[in-house]
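S.K.:
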Amino acid sequence: MKLIGVDVYIWSQTIPELPKSIGQFALQMISNSGTKVYPPPAPKIDVTDWFQCRYIASSGITHGDVDRLLSSVSSNFVWTKAQKLYENDGINAFSQPY
Amino acid sequence: MIHKAVIIRGDGTGPDIADSVIKIIGASGAQIDWEEADAGEKCLQAGEPIVPERTIDAIRRIKVALKGPISTPVGKGSVSANVTLRKKLGLFACVRPIKALPGVTTPFSDLDLVIFRENTEDLYAQIEYYCTEGVAQSVKLISRKGSERIARFALDYARTNGRKKVTAVHKANIMKISDGLFLQTCREVSKEYPDIEFNDVIVDNMCMQLVTKWRLYDVLVLPNLYGDIISDLCAGMMGGLGVAPGANFGRDAALFEAVHGSAPKYKGMDKVNPTALMLSGVLMLRHLKEFGAAERIEKALHKVLSEGKVRTYDLGGSSKTSEFAYAIINEMRNGRG
C-alpha cells in the first residue's frame with residue numbers, strides 16, 4: 011500500500027479553520043459523523059465536537075512527513091486520533107464522506 | 047388547506063406505486079400540491095449525483111417529501127440515495143410503526159410497536175479504513191448529542207401518543223464505551239419522563255424477545271445499525287417490507303418513504319403492492335395534521351385487505367397495483383372507508 015495522506019480528528023466546537031496546506035499536504039475535506047462540512051456548501055445539520063480532517067499529499071510522502079504534519083496541527087488544535095491513508099493499486103483504501 | 051409536498055417517484059416499481067398513492071391521497075380529501083423532484087438511476091444516467099442538490103434544496107424549502115424506492119447501484123464509488131438524503135437533510139430519526147394489518151397473515155397477532163432508529167451515526171457514519179493490507183476498520187461513532195436527540199424524540203412520541211413504555215436496545219455489555227454512551231444517555235433523558243416506563247434490552251435478546259414476547263414491547267429506541275436490522279425483522283413480523291411504512295424526521299424536514307427495494311424486475315408491470323408507500327403517505331398526512339384523510343385511507347385499506355378480493359401477488363392475489371389502488375379509492379368514495 012502507498013501512503014498518500016492522513017485523517018486528523020480534531021476536537022472542536024465548530025468547523026476547525028485549519029491551514030489549507032501544510033508542506034506537501036493539501037486539506038481535501040472536513041467531515042462530521044461521515045457528512046462533509048468543508049469545502050462549502052456545508053449542509054445544515056447538527057454536528058458533534060469531533061471533526062475528521064483529511065490531508066492528501068500532492069507527491070510521494072514518508073511516515074515522517076505525517077509526523078511533521080501532526081506536530082504542525084498540534085500547535086493550534088487538539089487532535090484526538092489520526093489515521094494514515096493508503097492507496098492500493100491506485101484505489102483509495104479508505105471511505106469518502108457523504 | 048392546500049399543503050405543498052415533494053414527490054420523488056423513485057426507480058424500478060417506484061413510479062407505479064407513487065402514481066397509485068398520489069391518486070389515493072387525492073381521493074382522501076387532503077389537498078396536496080406535489081412538486082416533482084428527481085433522485086436515483088435517471089440522475090446517475092444524466093451524469094448527476096444520485097441525489098442532486100436541487101432535490102435536497104426542494105425538500106429543505108418545502109419541508110415535507112414522499113419518496114418511492116430508489117436503487118442503490120452496486121460497485122465501487124456508488125453511494126446510497128437514502129443515506130445521502132438522511133445525511134444532507136439531517137434526518138436523525140427513522141420512525142417505523144409496526145402494526146399487524148387485517149387480512150395480512152402473520153403469527154404475531156396484536157403486533158403494535160413503534161421503532162425509533164438513530165439515523166446519522168454508528169457504523170452508518172461509514173468511516174472506514176484499511177489500516178494495513180490485512181486489517182480493515184470501521185469507526186462506530188456514537189455521540190451524547192446524537193443519542194440524546196433520538197432518545198428525546200422517542201420519549202416525546204410516547205408521551206404525545208399515549209404509549210406507556212420505551213425500551214432502549216443496545217450491546218453495552220460488549221461495546222461498553224460506544225453503546226454504553228448510548229444507553230447511559232437514554233437512561234438520563236428518560237428521567238425527565240417519569241410518566242413513561244423505561245427499560246433496556248441487549249440487542250440479541252431483543253431479537254428473541256420480539257419473536258416470542260412481542261406484546262411486552264411498545265416503543266423501541268436503537269442506534270443506527272441495530273435499528274436497521276430490528277426494523278426489517280419487525281417489518282417481516284407484520285407481513286413483509288411491502289406493507290411496512292417509514293418516516294425520517296429532522297429539525298427542518300420530514301421524508302416519508304417505502305422501506306422496500308425498487309424491484310426492477312417488475313418495473314412498469316403495474317404489479318407490486320403499494321401499501322408501504324400508501325401507509326408512509328398516511329404518516330405524512332398525520333404530520334400535516336390531515337387526520338381525517340389519514341383515517342379514511344387507513345380504514346379503506348383495512349377494509350380492502352380484510353375482504354381479500356383485491357390483493358397483489360405478495361399477499362397471494364393477482365391484482366395489479368392500480369386495481370388495488372382503485373379498490374381503496376372506491377371504498378373511500380362509497381363512504382364506507
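Heads up: the sequence lines are chains F and B, in that order.
Going letter by letter, the first sequence gives residues 11 to 108 in our numbering.
Going letter by letter, the second sequence gives residues 47 to 383 in our numbering.
All residues carry an ideal CB built from backbone N, CA and C; glycine is no exception.
In the DSSP assignment, what are the bridge partners of T178/B?
M.R.: V181/B
S.K.: Excluding the 5 residues flanking G383/B on each side, which residues of the same chain have their C-beta closer than 7 Å to its C-beta?
M.R.: Because the pLDDT of G383/B is 47, which lies under 50, any placement of that residue in the model is unreliable, and the question is left without a value.
S.K.: Checking contacts by CB at 7 Å: is Q172/B closer than that to chain F?
M.R.: Interface residue, yes.
S.K.: On the CB-based measure, 16 or more other CB atoms within 10 Å of its CB, does G131/F come out buried or exposed?
M.R.: The structure shown has nothing for residue 131/F, since chain F only spans 11 to 108.
S.K.: With a threshold of 7 Å between beta carbons, is G44/F in contact with chain B?
M.R.: yes
S.K.: How about M11/F: is its C-beta nearer than 7 Å to some C-beta of chain B?
M.R.: yes
S.K.: How about V215/B and M252/B: do their beta carbons lie closer than 7 Å?
M.R.: Yes, Cβ-Cβ distance for V215/B and M252/B is below 7 Å.
S.K.: Does DSSP put G288/B in a helix, a strand or coil?
M.R.: helix
S.K.: Since I believe I242/B is in contact with L201/B (beta carbons under 8 Å), could you give me their beta-carbon distance rounded to a whole number of angstroms?
M.R.: Yes, L201/B and I242/B are in contact; Cβ-Cβ is about 6 Å, under 8 Å.
S.K.: Are the C-beta of T412/B and some C-beta of chain F separated by less than 7 Å?
M.R.: A query on residue 412/B cannot be resolved here, the shown segment of chain B reaching from 47 to 383 and no further.
S.K.: Please report how far the alpha carbon of G114/B lies from the alpha carbon of L187/B, in whole angstroms.
M.R.: 29 Å
S.K.: Excluding five sequence neighbours on each side, which residues of the same chain lie with their C-beta closer than 6 Å to the C-beta of R64/F?
M.R.: D17, Q38 and M39
S.K.: Starting from H216/B, follow the beta strand (DSSP E) in both directions and report where the run begins and ends.
M.R.: K211 to H216
S.K.: By the 7 Å beta-carbon criterion, what residues does the segment 17-49 of chain F contribute toward chain B?
M.R.: S43, G44 and T45
S.K.: Within the continuous beta strand (DSSP E) that includes Q38/F, where are the two ends?
M.R.: F35 to N42
S.K.: Are the beta-carbon atoms belonging to I161/B and S277/B less than 7 Å from one another?
M.R.: yes
S.K.: Can you check the segment 21-94 of chain F for any beta strand (DSSP E) of at least 3 residues that lies completely inside it and give the ranges in chain order?
M.R.: 35-42, 45-48 and 60-67
S.K.: Please tell me whether G58/B and A309/B are closer than 7 Å, where the distance is taken between their beta carbons.
M.R.: yes
S.K.: Measure the CB-CB distance between A299/B and L135/B and report whether it falls below 7 Å.
M.R.: With contacts defined by Cβ atoms closer than 7 Å, A299/B and L135/B form a contacting pair.
S.K.: Out of V212/B, F154/B and I70/B, which has the shortest C-alpha to C-alpha gap to L279/B?
M.R.: Among V212/B, F154/B and I70/B, the Cα nearest to that of L279/B is on F154/B.
S.K.: Using 10 angstroms around the beta-carbon of P320/B, count the other beta-carbons present and answer buried if the total reaches 16, otherwise exposed.
M.R.: buried
S.K.: Determine contact between the segment 176-192 of chain B and the segment 91-98 of chain F, defined as no fewer than three beta-carbon pairs at a distance below 8 Å.
M.R.: In this structure the segment 176-192 of chain B lies against the segment 91-98 of chain F, because at least three pairs of beta carbons, one per stretch, are closer than 8 Å.
S.K.: Can you list the residues of chain B that T90/F reaches, using a CB-CB cut of under 9 Å?
M.R.: Under the 9 Å cutoff, chain B gives no residues; its nearest Cβ is about 12 Å from T90/F.
S.K.: Can you check the segment 256-315 of chain B for any beta strand (DSSP E) of at least 3 residues that lies completely inside it and give the ranges in chain order?
M.R.: 265-268, 291-295 and 300-304
S.K.: Does chain F have any CB closer than 7 Å to the CB of T166/B?
M.R.: yes
S.K.: Which residue or residues does DSSP assign as beta-bridge partners of R163/B?
M.R.: C140/B and L268/B
S.K.: Once the 5 residues before and after C232/B are set aside, which same chain residues still bring their CB inside 6 Å of it?
M.R.: A197 and A214
S.K.: Any idea what DSSP makes of E336/B, helix, strand or coil?
M.R.: coil
S.K.: Excluding five sequence neighbours on each side, which residues of the same chain lie with their C-beta closer than 8 Å to the C-beta of E105/B?
M.R.: It is worth fixing the name first, because residue 105/B is Ile in this sequence and not Glu. V52, A83, A111, L131, L135, A299 and L301, listed in sequence order.
S.K.: State the Cα-Cα distance for the pair F87/F and I71/F, rounded to the nearest angstrom.
M.R.: Each residue's alpha carbon lies about 23 Å from the other.
S.K.: Tell me where the alpha helix (DSSP H) around V129/B begins and ends.
M.R.: A127 to K134
S.K.: Would you say L323/B and V67/B are within 7 Å of each other, going by their C-beta atoms?
M.R.: yes
S.K.: Which first and last residues belong to the beta strand (DSSP E) in which D79/B is found?
M.R.: Q77 to E82
S.K.: Apply the 10 Å Cβ neighbour rule to T367/B and answer buried if 16 or more other Cβ atoms are within range, or exposed otherwise.
M.R.: Buried, since its Cβ has 16 or more Cβ neighbours within 10 Å.
S.K.: Using the Cα positions of L20/F and P26/F, report the straight-line distance between them to the nearest angstrom.
M.R.: A quick correction: the sequence has Ile, not Leu, at residue 20/F. Cα to Cα, I20/F sits roughly 8 Å from P26/F.
S.K.: Under the assumption that A339/B contacts G75/B (Cβ atoms under 8 Å), give the Cβ distance between them as a whole number of angstroms.
M.R.: 5 Å
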